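Peer 1: First to last, the protein sequences are chains A and B.
Heads up: the first sequence begins at -12 in the numbering used here, then just goes up one per residue.
Heads up: the second sequence begins at 518 in the numbering used here, then just goes up one per residue.
Beta carbons are placed, not taken as given, at the ideal position from N, Cα and C, and that holds for glycine.
All figures in this text were calculated on a predicted structure; none of them were measured in a lab.
Provided herewith is a single structure, encoded as structure tokens, for subsequent inquiry.
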Amino acid sequence: DTAVSQTPKYLVTQMGNDKSIKCEQNLGHDTMYWYKQDSKKFLKIMFSYNNKELIINETVPNRFSPKSPDKAHLNLHINSLELGDSAVYFCASSSRGQVGELFFGEGSRLTVL
Amino acid sequence: GENVEQHPSTLSVQEGDSAVIKCTYSDSASNYFPWYKQELGKRPQLIIDIRSNVGEKKDQRIAVTLNKTAKHFSLHITETQPEDSAVYFCAVYGSGNTGKLIFGQGTTLQVKP
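In structure tokens form, the structure reads like this:
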């Protein structure tokens, strides 16, 4: 009964490949996010979707394409992976209209070789 | 846009001592100030938050104080224990109603037994 779950937990791949990370939440939240945490632990927002609609895109390269088939899912597809894409990617969700807690998934560690 | 500065970046204390982490923000309209704890290899989790209508909030050994005039807020941990060792992040919401939570740079707290 994990609240925010993302798969896979670990991804190791070669430069130039394409990969996807899936995220699902069962909290009934309207808003979902992708955050990137680099090796220095900085947590930076990448995207936010509210009810399947993109509301935040933090000038992320267009090699990153989020997709939200419904409000409980927000997947992240990355094309032409680069070394600098290596990071931990966290999915999160919150209840729109309420300034409050962000619930994070366990993270997906992406290593690009 | 909103900017959050967090200090110190690392903090080492002896078990039983107190620890204080401070954050400053730029948007005077900010009204919600959470603190997240991230243990090694785990997800960030909310540990305490404060809204702008109060100056202090306490939950057992942790407390948060807010100075809206000076635009800073602080996390206080008393009687520290080894399990308090983690990375702590402050956060504020970006301007506008986008739900964009902006995190400070993080503070790595080490509690020595």
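#1: Okay, do the region 538 to 547 of chain B and the region 67 to 79 of chain A touch, 3+ Cβ pairs below 8 Å being the bar?
#2: Could you list which residues in chain B have their beta carbon closer than 8 Å to that of Arg18 (chain A), in chain order?
#3: Of the residues A:Ser67, A:Ala79 and A:Arg50, which one's Cα is nearest the Cα of Gly94 (chain A)?
#4: Please name the residues in the region 26 to 45 of chain A whose beta-carbon is closer than 9 Å to at least one beta-carbon of chain B, in chain order.
#5: Going by Cα to Cα distance, which pick from A:Pro56, A:Val47 and A:Gly92 is closest to Asn37 (chain A)?
#6: Taking just the CA atoms, how far does Trp21 (chain A) sit from Ile565 (chain B)?
#7: Helix, strand or coil for Leu(-2) (chain A)? Go by DSSP, reduced to three states.
#8: Is Asp5 (chain A) helix, strand or coil by DSSP?
#9: Are the beta-carbon atoms belonging to Phe77 (chain A) and Leu41 (chain A) less than 9 Å from one another?
#10: Is it true that the region 48 to 68 of chain A meets the region 570 to 583 of chain B, where meeting means three or more beta-carbon pairs spaced less than 8 Å apart?
#11: Using a beta-carbon distance cut-off of less than 8 Å, what residues from the region 520 to 532 of chain B approach chain A?
#12: Beta-carbon within less than 6 Å of Val604 (chain B)'s beta-carbon, same chain only, minus the 5 sequence neighbours each way: which residues are those?
#13: Nearest to His589 (chain B) by alpha carbon, out of B:Tyr549, B:Gln598, B:Leu563 and B:Gly558?
#14: Which residues mark the beginning and the end of the beta strand (DSSP E) in which Ala580 (chain B) is found?
#15: Does the distance from the C-beta atom of Gln1 (chain A) to that of Gly92 (chain A) stay below 9 Å?
#16: So which residues on chain A does Phe606 (chain B) lean against when the C-beta distance must stay under 9 Å?
#17: For chain B, find out if any of its Cβ atoms is closer than 9 Å to the Cβ of Phe51 (chain A); answer yes or no.
#18: Counting contacts by CB-CB distance shorter than 9 Å, is Phe620 (chain B) in contact with chain A?
#19: Which bits of chain A does Tyr549 (chain B) rub up against, with CB to CB less than 9 Å?
#20: Could you please give the first and the last residue of the uninterrupted beta strand (DSSP E) stretch that includes Phe77 (chain A)?
#21: Scan the region 519 to 563 of chain B and note each continuous beta strand (DSSP E) run of 3 residues or more that stays entirely inside, going in chain order.
#22: Listing by chain order, which chain B residues have their CB less than 9 Å from the CB of Ser81 (chain A)?
#23: List, in order along the chain, the chain A residues whose C-beta lies closer than 7 Å to that of Arg560 (chain B)?
Peer 2: According to the structure data:
#1: Touching, no.
#2: The residue you call residue 18 (chain A) lines up with position 31 of the first sequence. One point to set straight first is that residue 18 (chain A) is Thr, not Arg, in the sequence displayed. Contacts between Thr18 (chain A) and chain B, judged by CB atoms closer than 8 Å, involve Gly616 in chain order.
#3: Numbered from its first residue, the first sequence carries residue 94 (chain A) at position 107. Answer by Cα proximity: A:Ala79.
#4: Listed by position, the residues of the region 26 to 45 of chain A near chain B (Cβ gap below 9 Å) are Lys27, Lys28, Phe29, Leu30, Lys31, Ile32, Ser35, Asn37, Ile42, Ile43 and Glu45.
#5: By 1-based counting over the first sequence, the position of residue 37 (chain A) is 50. Nearest of A:Pro56, A:Val47 and A:Gly92 to Asn37 (chain A), Cα basis: A:Pro56.
#6: Position 48 of the second sequence holds residue 565 (chain B). Position 34 of the first sequence holds residue 21 (chain A). Rounded to the nearest whole angstrom, the C-alpha separation of Ile565 (chain B) and Trp21 (chain A) is 22 Å.
#7: If you number the first sequence from 1, residue -2 (chain A) lands on position 11. Strand, per DSSP.
#8: Here residue 5 (chain A) corresponds to residue number 18 of the first sequence, with the count starting at 1. Reduced to three states, the DSSP call for Asp5 (chain A) is coil.
#9: Here the question's residue 77 (chain A) lines up with position 90 in the first sequence. Here the question's residue 41 (chain A) lines up with position 54 in the first sequence. For Phe77 (chain A) and Leu41 (chain A), no; Cβs fall outside 9 Å.
#10: Result no; under three Cβ-Cβ pairs closer than 8 Å.
#11: Those would be none; no residue qualifies.
#12: By one-based count along the second sequence, residue 604 (chain B) stands at place 87. Closer than 6 Å at the Cβ level, and outside the excluded window around Val604 (chain B), lie Gln555, Gly623 and Thr625.
#13: In the second sequence, the residue the question calls residue 589 (chain B) occupies position 72. The residue with the shortest Cα to Cα distance from His589 (chain B) is B:Tyr549.
#14: Translated into positions along the second sequence, residue 580 (chain B) becomes position 63. Where Ala580 (chain B) is concerned, the enclosing beta strand (DSSP E) stretches over Ile579 to Asn584.
#15: As a working note, residue 1 (chain A) is residue 14 in the first sequence. As a working note, residue 92 (chain A) is residue 105 in the first sequence. Their beta carbons are not under 9 Å apart, which means Gln1 (chain A) does not touch Gly92 (chain A) by this criterion.
#16: As a position in the second sequence, residue 606 (chain B) is number 89, starting the count at 1. Per Cβ cutoff of 9 Å: Lys28 and Leu30.
#17: Residue mapping note: residue 51 (chain A) aligns to position 64 of the first sequence, counting from 1. Judged by the 9 Å Cβ criterion, Phe51 (chain A) is not in contact with chain B.
#18: The sequence position of residue 620 (chain B) within the second sequence is 103, counting from 1. At least one chain A Cβ lies under 9 Å of Phe620 (chain B).
#19: The residue you call residue 549 (chain B) lines up with position 32 of the second sequence. One finds Val86 and Gly87 in chain A with Cβ atoms closer than 9 Å to the Cβ of Tyr549 (chain B), taken in chain order.
#20: Residue numbering aside, residue 77 (chain A) sits at position 90 when the first sequence is read from its first letter. Run containing Phe77 (chain A): Ala74 to Ser81, per the beta strand (DSSP E) assignment.
#21: Entirely contained in the region 519 to 563 of chain B, the beta strand (DSSP E) runs reaching 3 residues are, in chain order, 521 to 524, 527 to 531, 536 to 542 and 549 to 555.
#22: As a first step, residue 81 (chain A) must be located in the first sequence, where it is residue number 94. Those are Gly616 and Leu618, listed as they occur along chain B.
#23: Here residue 560 (chain B) refers to the residue found at position 43 of the second sequence. Neighbours of Arg560 (chain B) on chain A, chain order: Phe77, Phe91, Gly92, Glu93 and Gly94.
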